[in-house]
Structures are given as C-alpha cells and as structure tokens.
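**Student:** Under the working numbering, the sequence shown has 163 at position 163, and the numbering climbs by one with no breaks. Heads up, the beta-carbon is just placed ideally off N, CA and C, and yes, glycines get one too. These numbers were taken from a predicted model, which means no experiment stands behind them.
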Amino acid sequence: PAAERIFGYKAHEVVGKNVSLLTPEPHRSAHDGYLDAYLTTGVKRIIGVGREVEGVRKDGARIPIELGISEMHVGGEYFFTGITRDISARKQADREILERNRLLALSAEVGRALTECSDLSETLARCAQAIVAHLEAAFARIWILDEAGATLELRASAGRYTHLDGPH
1 PAAERIFGYK
11 AHEVVGKNVS
21 LLTPEPHRSA
31 HDGYLDAYLT
41 TGVKRIIGVG
51 REVEGVRKDG
61 ARIPIELGIS
71 EMHVGGEYFF
81 TGITRDISAR
91 KQADREILER
101 NRLLALSAEV
111 GRALTECSDL
121 SETLARCAQA
131 IVAHLEAAFA
141 RIWILDEAGA
151 TLELRASAGR
161 YTHLDGPH
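1) Between the segment 153 to 166 and the segment 130 to 143, do at least 3 Cβ pairs fall closer than 8 Å?
2) List the residues that DSSP assigns as beta-bridge partners of Ile65.
3) So, are the CB atoms of Glu54 and Arg62 less than 8 Å apart?
4) Could you give the distance in angstroms between the alpha-carbon of Thr169 and the alpha-carbon of Phe7?
5) Okay, do the segment 116 to 123 and the segment 91 to 108 touch, 3+ Cβ pairs below 8 Å being the bar?
6) Leaving out five residues before and five after Tyr78 in sequence, what residues of the same chain have Cβ atoms less than 8 Å from its Cβ?
7) Considering only C-alpha positions, which residue in the set Gly33, Glu66, Thr23 is nearest to Val56?
8) Check Glu25 in the structure and name its three-state DSSP category.
9) Out of Val74, Gly76, Lys44, Ala89, which one is the CA nearest neighbour of Glu66?
10) Give the DSSP bridge partners of Gly76, in chain order.
11) Rounded to whole angstroms, what is the Cα-Cα separation between Val74 and Thr81?
12) Please classify Ala11 as buried or exposed, where buried requires at least 16 neighbouring CB atoms within 10 angstroms.
13) Please tell me whether His27 and Asn18 are closer than 8 Å, where the distance is taken between their beta carbons.
14) Given a cut-off of 8 Å on the beta-carbon distance, is the pair Arg85 and Leu135 in contact?
And the structure:
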C-alpha cells in the first residue's frame, strides 16, 4: 500500500517487472548494468548505503526519495531488497526554511541600514545591496518620488547595474 501511494501504481501493475520502472532516465536504462557491475566486481556503490535519489511516479512526476538497498545470499542466489521513503514533504520544508532564513537575513540587513546610516543615499544603497545579496537578484533599484510628488527618481542601484545617472 505504501508503494502504491508513493509511486501511483497498483501492485498488479508492477509485480514481476524490473524495479527500474520506478527510476527516471538515465538510471532506468543503466539499472541492469549497475547490477551486473556489482555482481561482477563486488564493488558496492549503493548497496548498504542509504541515499537520496529521484524516483518516478506512474504519471511521470519525479519525486525525491530515500533509498536503502540490502542484499542477501540464499542457496548461491542473490536477493536484493529496496526500501524507499517519499521525502517530498521534508524537501519542501527544507526549501521553506531556507527561504524564511533568506528573508530574515534580508530583513536584518535592511534593519541595520535603517538604524546605522544617517545619510538617506547610503541607507538606500545598503538596502539595494541587501536585496541583491539575499534574494539573488541580478540587480535592485530603489526609486523615490521627488519633493513635488510627481516624478520618480532613481536613488539607489546595486548588482549588475549600479549607475544612477543617464537613461533608465
């Protein structure tokens, strides 16, 4: 039942088929070669070592999985057991934590610029630099309204384009 939930196949669709059905290319085509290489050389690359790999669902969607493979020998034959666990939710949570940390770091740096700088130009320049650094932006620009409130003026620019004068 767990494998049916993870991969989307009913048991009768996969029982007796090559497990490579659950792996994306290029590993699907190479799977039997990996197994032959192990049986020929005895060099373990994944057997006995848990690792994160990519699986593929029936609908073609790729999913991150944790895979552990063990082996046993019975009567001169090799048997392999694979245990998989869908780690999509964990990977998503990791991405959300990284994003939250990036935004917190940006917020902290902007806060420091607002409290440490007495000059508006320096404050805005540091804020633009923080945006580029923490949001991995190619460039950031900060425009403010002129005193009349009619025209936007470029006051800070960081990243790929740093000039404040000329056409924008």
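**Tutor:** Put simply:
1) yes
2) Locating residue 65 in the sequence shown gives position 65, counting from the first residue. Val53, Asp86.
3) Taking the first residue of the sequence shown as position 1, residue 54 is located at position 54. Taking the first residue of the sequence shown as position 1, residue 62 is located at position 62. Yes, Cβ-Cβ distance for Glu54 and Arg62 is below 8 Å.
4) Within the shown structure, residues of the chain are numbered from 1 to 168, placing residue 169 beyond reach of any answer.
5) no
6) Translated into positions along the sequence shown, residue 78 becomes position 78. So the list reads Leu39, Glu71, Met72, once near-sequence residues are dropped.
7) On the sequence shown, position 56 is the one that residue 56 refers to. The shortest Cα separation from Val56 among Gly33, Glu66, Thr23 belongs to Thr23.
8) As a working note, residue 25 is residue 25 in the sequence shown. Correct three-state label for Glu25: coil.
9) In the sequence shown, the residue the question calls residue 66 occupies position 66. Looking only at Val74, Gly76, Lys44, Ala89, the smallest Cα-Cα distance to Glu66 is reached by Ala89.
10) In the sequence shown, counting from the first residue as 1, residue 76 sits at position 76. Per DSSP, none; premise fails for Gly76.
11) Translated into positions along the sequence shown, residue 74 becomes position 74. Translated into positions along the sequence shown, residue 81 becomes position 81. When rounded, the distance between both Cα atoms is 13 Å.
12) Taking the sequence shown and counting its residues from 1, the one referred to as residue 11 is at position 11. By the neighbour-count rule (16 or more Cβ atoms within 10 Å), Ala11 is not buried but exposed.
13) Taking the sequence shown and counting its residues from 1, the one referred to as residue 27 is at position 27. Taking the sequence shown and counting its residues from 1, the one referred to as residue 18 is at position 18. Contact flag unset, no.
14) The residue given as residue 85 occupies position 85 in the sequence shown. The residue given as residue 135 occupies position 135 in the sequence shown. Against a cut-off of 8 Å, the Cβ pair of Leu135 and Arg85 comes out as no contact.
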